[in-house]
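Structure first, commentary second.
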Amino acid sequence: MNDSDEGTGRTAQSKRADARRNKETLLDAAAAVFVTSGVEAPVRDIAAKAGVGLGTIYRHFPTRADLIIAVYRHQVDACAEAGPTLLATSATPHAALGQWINLFVDFLVTKHGLAAVLQSDDAGFDTLHAYFLDRLVPVCAQLLEAAVGAGEIRSDIDAYALMRGVGNLCIGAENNPRYDARRLVELLIAGLRRPH
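Just so you know, we're using the numbering used here here: the sequence shown kicks off at 37 and counts up by one.
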C-alpha cells in the first residue's frame, strides 16, 4: 500500500466521521425542536437549529417518520451508552444509578412528545419498543448489579420493573406543572438503599 492509498483511506474515514457527527448534530437539533414544538414542528425549524439546509435533512430522512424513528433511536442509544460511563466515573454505583435514572427520566419526559406518533399504524414504529427494551434494560440491570455488589441497595430489584415504575411516575408530568416526577423518582431511587 503506497502513501496515497493510506491518505485516501484516512480521508474516507474522516469523511465518514464528519458525516456521523453531522447526522448526530441534526438528530440532537431535531430532538430539541420536538421537545419545544412537538413532532409536527416544521422541518425548516430543525434545519435552522442544526445549521443545515432542508435538502440535508431530506437526504438523510426522506419522511418525517424516518426522522422521528432516528431521533428516538439516537436518544435510546445515548441513554444506553451513558450507563457504563457513569458507572466508571461516579463516586459509587448507587450514585451512577441515580444519575442514569435522571437521564432516563429526561428521555421519558421528552419522549412523551413522540408518544402519539409511536401509537400510529406505521410499521417502522413497531420495532422501537423492542429496541428500547433491548438497549436499556441490560444497562439498568448492570447498574443495579453493581450497586447490589457494593452492598448499597437491596438485591431483589428487577431492572424492567424499576424502569416501568419510573415510567409510571413520569406519566402526567407534561400536563401538570405542579407534578414533580423527578422528585418522586429521586425518592424511589433513595428507597432502594439497604437499611444500615
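Where is the CB? At the ideal position from N, CA and C, for every residue including glycine.
Just so we're clear, the structure is a prediction, and the values are computed from it rather than from any experiment.
DSSP beta-bridge partners of residue i
i, result
"ARG52", "None, per the DSSP bridge assignment."
"ILE189", "ARG229"
Residue span of the alpha helix (DSSP H) that contains residue i, given as start and end
i, result
"LEU223", "217-226"
"PRO120", "100-125"
"GLY201", "195-206"
"VAL79", "79-86"
"ARG95", "90-96"
Residues of its chain near residue i, where Cβ-Cβ distance is below 8 Å and the 5 sequence neighbours each way are ignored
i, result
"VAL145", "CYS206, ALA209, GLU210 and ALA217"
"GLU222", "GLY134"
"VAL69", "ALA77, ASP81, ILE82 and LYS85"
"VAL202", "ILE137, PHE140, VAL141, LEU144, VAL221 and LEU224"
"GLY185", "PRO129"
"ALA120", "Position check: residue 120 holds Pro in this sequence, whereas Ala was assumed. Same-chain partners within the cutoff: VAL175 and GLN178."
"HIS110", "GLU60, LEU63, ASP64 and ALA67"
"TYR215", "GLY208 and ALA209"
"GLY187", "ARG230"
6 Å CB neighbourhood of residue i in its chain, flanking five on each side removed
i, result
"LEU122", "ALA132, GLN135 and TRP136"
"LEU164", "TYR108"
Residue i: CB within 7 Å of a non-hydrogen atom of the ligand HEM
i, result
"TYR94", "The ligand HEM is not part of this structure, which contains no ligands at all."
8 Å Cβ cutoff, residue i in contact with chain C
i, result
"LYS59", "Protein chain content of the structure displayed is limited to a single chain, and chain C is not contained in it."
Other residues of its chain near residue i: CB distance less than 7 Å, five sequence neighbours each side excluded
i, result
"ALA106", "LEU63 and PHE97"
"ILE193", "LEU180 and LEU228"
"ASN204", "none"
"ARG190", "LEU228 and ARG230"
The stretch 165-174 touching the stretch 105-116, judged by at least three CB pairs closer than 8 Å: Flag = yes, the stretch 165-174 and the stretch 105-116 touch.
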